[in-house]
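Residue numbers (UniProt numbering): 1 to 409. Here a beta-carbon is modelled for each residue, glycine too, at the ideal position from N, C-alpha and C. This structure is a prediction, so every number in the text was calculated from the model and none was measured. The structure under discussion appears below in the form of structure tokens.
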Ligand SMILES: Nc1nc2c(ncn2[C@@H]2O[C@H](COP(=O)(O)OP(=O)(O)OP(=O)(O)O)[C@@H](O)[C@H]2O)c(=O)[nH]1
């Protein structure tokens, strides 16, 4: 199957139900933009100004009453755990990537578009400027070089002369580089039913670790899993309470001890509690002090040892939370944690807050650790499994849409 056919299927979803849903979503937008109420039908009486004013007042009152009852209903719906989750369509997830990457797209893509308009023909100068634009988006030197080689080769092979459509080729090559022959690298290593999965979260303070734990717990719960949280960050003031707030919101039990107690002891207790309750997933928070690497290593080693003594092969995931807005600094943090513990995946938070979303590619290429989740906003369902195809769509939405329209279903 060609790259673009596969891409289209991924973005829209390939079940009939998903296709119908997407068409509906599109047609809703069309109806809204076609405001037929402004048209006067043949034979219709033209209303007096007073009549129109009365009607408008009535509409405003109706809208206010509706808003009030919606707010009441929303308040009744808290906590979040009570909300019955509707499975999001493939297209709505794609739109989350598009929205979440809008800052990156606005800067990066507009520069690429500008290049395409200025050059029209693909030549060495064009490649050099493109290289610069990619470097500015934090894609990383090695990845940019690899991409440029692939682009030059493709342009020669297909005898491409025009710069138009180059976004589509860049997208294809970026996915190729990201996936590099591996499939399903974003999947969480969840154990079969009846067995406990232990997920350890690491990362420095302030990157959004606690929020991410809460969002992931919510996600797993809405997939029918029972989840317990372990308040292993006993170091940062307020961390235990913050996790408890998330536990209450999402409806998960939080196993905790007092501030300053031994994190390994908290996690040991939490494993016992999770087993007793027959829980499916235990998510453990840890402290994120980086000032002293030796201490960090010792602490994480101890936590690791305690977990794997209780459950061989556990922890099943060690997820490192990194803040995308810190750019190259995130790479340095990742390197330190990689040396301290066996990181199995990265959760890149606040991708929506940066114009340098190319950092995803740099992380993958430099560290060879898959990005398992990305934070695309502050809402509960804005934590999404990373998906290379949706990511490149987020980068080049407009350019790719033109290309995808050409593809028959
Ligand atoms: N826009 C956006 N904001 C996020 C995202 N993830 C987290 N945040 C926000 O980042 C802020 C910090 O997150 P917290 O989870 O409270 O992080 P923290 O308590 O400072 O530190 P740690 O828990 O140690 O990481 C909060 O306001 C979160 O709502 C994201 O993906 N996008």
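Helix, strand or coil, according to DSSP, for residue i in the structure here?
i           : result
residue 121 : strand
residue 264 : helix
residue 8   : helix
residue 162 : strand
residue 460 : Residue 460 falls outside the range modelled here, since the chain spans only 1 to 409, and no answer is possible.
residue 255 : strand
residue 220 : helix
residue 323 : strand
residue 195 : coil
residue 234 : coil
residue 282 : strand
residue 300 : helix
residue 101 : coil
residue 394 : helix
residue 228 : strand
residue 202 : strand
residue 369 : coil
residue 176 : helix
residue 348 : strand
residue 317 : strand
residue 353 : helix
residue 140 : coil
residue 358 : coil
residue 288 : coil
residue 247 : helix
residue 374 : strand
residue 190 : coil
residue 214 : helix
residue 113 : helix
How many angstroms separate the CA atom of residue i from the CA atom of residue j?
i           : j           : result
residue 393 : residue 194 : 38 Å
residue 124 : residue 404 : 28 Å
residue 301 : residue 335 : 16 Å
residue 2   : residue 256 : 51 Å
residue 175 : residue 110 : 20 Å
residue 153 : residue 225 : 47 Å
residue 274 : residue 221 : 15 Å
residue 192 : residue 360 : 30 Å
residue 167 : residue 400 : 7 Å
residue 248 : residue 173 : 44 Å
residue 237 : residue 296 : 17 Å
residue 310 : residue 354 : 40 Å
residue 198 : residue 315 : 5 Å
residue 104 : residue 208 : 20 Å
residue 325 : residue 356 : 8 Å
residue 116 : residue 240 : 52 Å
residue 305 : residue 13  : 42 Å
residue 87  : residue 345 : 24 Å
residue 155 : residue 97  : 28 Å
residue 362 : residue 327 : 10 Å
residue 262 : residue 380 : 30 Å
residue 35  : residue 217 : The predicted position of residue 35 is uncertain, since its pLDDT is 40 and thus under 50; a value taken from the coordinates is nonetheless stated next. Approximately 42 Å, taken between the alpha carbons.
residue 284 : residue 244 : 13 Å
Applying the criterion that 16 or more other CB atoms from any shown protein chain within 10 Å of the CB defines a buried residue, is residue i buried or exposed?
i           : result
residue 368 : exposed
residue 137 : buried
residue 312 : exposed
residue 372 : buried
residue 364 : buried
residue 277 : exposed
residue 146 : buried
residue 390 : buried
residue 206 : exposed
residue 407 : exposed
residue 299 : buried
residue 180 : exposed
residue 308 : exposed
residue 280 : buried
residue 258 : exposed
residue 242 : buried
residue 398 : exposed
residue 294 : exposed
residue 30  : In this prediction, residue 30 has a pLDDT of 42, which is less than 50 and means its spatial position is unreliable; what the coordinates show is noted afterwards. It counts as exposed.
residue 122 : buried
Against chain B, does residue i count as a neighbour if the rule is that its beta carbon must be under 8 Å from one of theirs?
i          : result
residue 91 : In the displayed structure, chain B is absent; only one protein chain is listed.
I believe residue i touches residue j by the beta-carbon criterion, under 8 Å. Please report the beta-carbon distance rounded to the nearest angstrom.
i           : j           : result
residue 351 : residue 374 : 5 Å
residue 232 : residue 303 : 7 Å
residue 286 : residue 202 : 5 Å
residue 140 : residue 377 : Not quite, the Cβ-Cβ distance comes to about 24 Å (not below 8 Å), so this is no contact.
residue 169 : residue 151 : 6 Å
residue 322 : residue 348 : 6 Å
residue 386 : residue 186 : 5 Å
residue 196 : residue 213 : Residue 196 to residue 213, Cβ: 17 Å. No contact.
residue 126 : residue 94  : Not a contact, Cβ separation roughly 29 Å.
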